[in-house]
Structures are given as C-alpha cells and as structure tokens.
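Numbering (the numbering used here), first residue to last: 862 to 1285.
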C-alpha cells in the first residue's frame, strides 16, 4: 500500500516475515522459469494454408494424395480439419521442418491425433520425429529418431514406439493395444531426461517405464556365469513316485486283449478247409495297463537350476538414451490398404502442460460433438435402411400378387379352351 505523498511502497505487516517473503519469491521464480523456458518447437492444426508448412515427398512417383477435410463427422468443422489419406493401397509421405533443437536435459513431448473414420483394416497411423530432412526425399528408409503411434493390420492392433540408437531402430518390448474405433484419438509420448517415459491415449496413461528396461538400447547388465556348473547332487525333478504306493494284487488279472464276445462263426465256415474258427481279438476294456506309482512332490527338489549371474563385461552405461541434438523435422510416412485416416493437432514441446492445454483447445473441445454427429448419422442411416427394406418388401409383395393374378388368368383361359373342346 502507498503511504504518504512520497509514493514509497510499504509492505503490509502480514508480509514482513523474511521467510514468508523468500518463499513467495521462490514460488514466483519457479512460475517465471516455467513460463520463460517452456518451448513449443512445432504446432500444427491444419488450416487452409497447411501446404505452406507441409511438403509431400517426391521420392516415389506413386505416393498417395493427401487432402484437407474434417471428415464425415466432426465436432467443429474448422477445428477438426486435418489431412486425410485419400487413395487405397498406397504409401504416403509428407513432412514439415522447424528450427532444430536438442532435448538434452528437458522433456520431449510428442502429441498428435488420428481418426480412422474408414474403420481401417490395415495401415499405419504413426508419426516420425526426425533430424532435419529434405522433405522431397522422405521415404521409409529416411532416418528418424522416434516413431510413435497406432498400427493396425489384421490381428495386430498396437501402439508403436520405436527409438533410433547407434544405427538401429529399436522396437518397444511392450505392445499396448491402440484404439480401433472410428473416432479421433490423441496419442502422447513423454520422454524424460532421467531415462523414463510415459504414453498417454486421450490424456490417460497407457504405459510407463524406463528406456533401458523396455528397449534393447544396451547390453544386459548381467549375464549367466559360463563357468558355473550344476552341482552333481542337484535335484531338479519336481515330483517323484510315491514309495509307499503299492500295486493292487488284481492289477494284472485282465489281459490286454480278449476274444470278441459278440463275434459269431460265419455260416459258410468250413473247418476242414478253413481250420478251426476263432473269434477276432479286441481291446479289453478291463485291462489297466502298466501300473505306475502315483506321483507326489519331491522333498529333495531344489528348483530349476540356473547359473549365477555375473557382471557383463560388455555392458556400458549410457546416460543419453532418448536424447537427440538435431531434431528438425516431423513426418507422416506410412502405408494404408484402406485410406481415410485423418491426422491433426500435432505438437512437439518440452512441456506436458503445454500439450495438455493444446488438447483442451482442440480434441478435448470437440470430441463430444464428434461423437454426437456420428451417432446422429448412424441413426439416419439405420432409418434409411429400414425404409428401403420396407419398400423392397412392399414391391416384392406387389410383384408376387401380380404373378398370382397372371396365373389365375392363365388357368381361366385354359378352362375356357377345354370347355370349347368339350362342346365340339
């Protein structure tokens, strides 16, 4: 509050505590740091000028064509515009570039939406984050750092999450199921500087873990000791024959085969020519087979023997897993059998809060309207199908009735002709 005419600012008595003031300054500093240092490297909502940012690849002459559309159903026609694959059984490649950045010491958040409104049967729905790449040359062999998003083909319905490391593309050991309906879904990958990660679908955590454990970046820390040998007295049979179990006295009374009691000697059997007749042998239903003592848990069982683990001399720690110094392009490079997928709302940032806010402004704001429009369209289609079915049934009934009338007329004509013949 201002005191007197000098305009000097006086601190209220309740705020004169030095510790409290320090805490307030610290919290304010954190907020300022967050505001100043959070960086969004790339953001795209696909407006009418999208082709100024995105360039289709010309590496192949038969790439599929992209078109700007909101699709058959949407929550907001303008907000839900994205680029859609438009030709069946085609490869697609389109990319955009931005100022290069390094994610060292920062989160790397990759987020985008995809809507498979064609009810996709086989095709990719993922994005690739790459070093700066000539857009005209982008194809399936182009180097990328992270490939992330849904992949559907037959029984395969999973989220891909692939990292490039030392010349190899490493597959995710996990295979979480992706969304398979026809609505828009938002996929988010969060790669943290401490070597951990999270995957969100529609802002809900789907998976998490560590890069070292869930990808084969490094050699294993330990290996089985090649010099360790199983002890001679090691017992690895989990069960044993019960020494107290005894074979019943009548166990062997019944033979394995017996003469068929229902067989009879053929009428034309001649013992002088055919010899003495004997009934054919059949399996004896009372035969018990070889007796074996029942099995019981082996008290000496020590488990499955494994050699002890020792440090792997080839293991080398790496604190830079998932860190890249020259990220500069993003691409949709994929194959689709049935086209129709719409990609939208791409953001690459170092702030999860920034990605969440972007979701709220875009898909989060339109998802309910999209679902409502789809439900209304389905209801209209069902109504139309029902009307067409009733119309077909009425036409069939009318046709059947006319056929009956024709038959009756023919019969009457035949009767009249017979009557004339009788008169003659």
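In this text, a Cβ means the ideal position worked out from N, Cα and C, and glycines have one as well.
In this text, all values refer to a predicted model and were calculated from it rather than measured experimentally.
query, result
"Rounded separation between residue 1148 and residue 1134 - CA only", "35 angstroms"
"Cα-Cα separation, residue 992 to residue 1172", "35 angstroms"
"Span of the alpha helix (DSSP H), counted from its first residue to its last, around residue 1073", "1072-1075"
"Range covered by the alpha helix (DSSP H) that runs through residue 905", "No alpha helix (DSSP H) holds residue 905; the beta strand (DSSP E) holding it covers 901-905."
"Coarse secondary structure for residue 958, derived from DSSP in three states", "strand"
"Residue from 1258, 1152, 973 with nearest C-alpha to residue 989", "973"
"Classification of residue 995 by the beta-carbon crowding that lies within 10 angstroms, buried from 16 upward", "exposed"
"Residue 1279 classed as buried or exposed, judged by whether at least 16 other C-beta atoms fall within 10 angstroms", "exposed"
"Buried or exposed (CB count within 10 angstroms, at least 16 for buried), residue 1201", "buried"
"Given 8 angstroms, three or more beta-carbon pairs between the segment 1053-1069 and the segment 1103-1119", "no"
"Residue 850 and residue 1207 closer than 8 angstroms at C-beta", "Outside the displayed range of the chain (862 to 1285) lies residue 850, so it cannot be described from this structure."
"Where residue 1030 falls, given that 16 or more other Cβ within 10 Å makes a residue buried", "exposed"
"Distance between residue 1026 and residue 1203 (C-alpha atoms, nearest Å)", "30 angstroms"
"Residue range of the alpha helix (DSSP H) that includes residue 1213", "1213-1222"
"Enclosing beta strand (DSSP E) for residue 1135 [first to last residue]", "Segment 1132-1135 is the alpha helix (DSSP H) holding residue 1135; no beta strand (DSSP E) there."
"Contacting residues, own chain, Cβ-Cβ under 8 angstroms from residue 1215 (five flanking each side not counted)", "899, 901, 970, 1208"
"Alpha-carbon spacing of residue 894 relative to residue 1091, whole angstroms", "Residue placement at residue 894 cannot be trusted, given a pLDDT of 48 that sits under 50; what the coordinates show is reported in the next sentence. Those two C-alpha atoms are separated by around 59 angstroms."
"Best match in 1045, 959, 921 for proximity to residue 979 [C-alpha to C-alpha]", "1045"
"Environment of residue 1142 [buried if 16+ CB atoms lie within 10 Å]", "exposed"
"Rounded C-alpha distance that separates residue 1129 from residue 1157", "57 angstroms"
"Residue span of the beta strand (DSSP E) that contains residue 948, given as start and end", "First-last for residue 948: undefined, no H or E at that position."
"Reduced DSSP category for residue 893 - H, G, I as helix; E, B as strand; rest coil", "Reliability of the predicted coordinates at residue 893 is poor, the pLDDT of 48 falling under 50, and the value obtained from them is presented with this limitation in mind. The answer is helix: DSSP assigns residue 893 an H, G or I state."
"Beta bridge counterpart(s) of residue 953 as assigned by DSSP", "1195"
"Best match in 1065, 1039, 1233 for proximity to residue 1009 [C-alpha to C-alpha]", "1039"
"C-beta atoms of residue 930 and residue 956 nearer than 8 angstroms", "no"
"Cβ-based neighbour list, residue 1196, same chain, cut-off 7 angstroms, excluding 5 preceding and 5 following", "952, 984, 985"
"Continuous beta strand (DSSP E) stretch holding residue 984: start and end", "983-985"
"Nearest-angstrom Cα separation, counted from residue 938 out to residue 1080", "50 angstroms"
"Bridge partner(s) assigned by DSSP for residue 1068", "1060"
"Backbone CA spacing between residue 1096 and residue 1153 [nearest angstrom]", "21 angstroms"
"Every unbroken beta strand (DSSP E) inside the segment 959-1046 [3 residues or more]", "969-977, 983-985, 988-992, 1007-1014, 1017-1026, 1029-1031"
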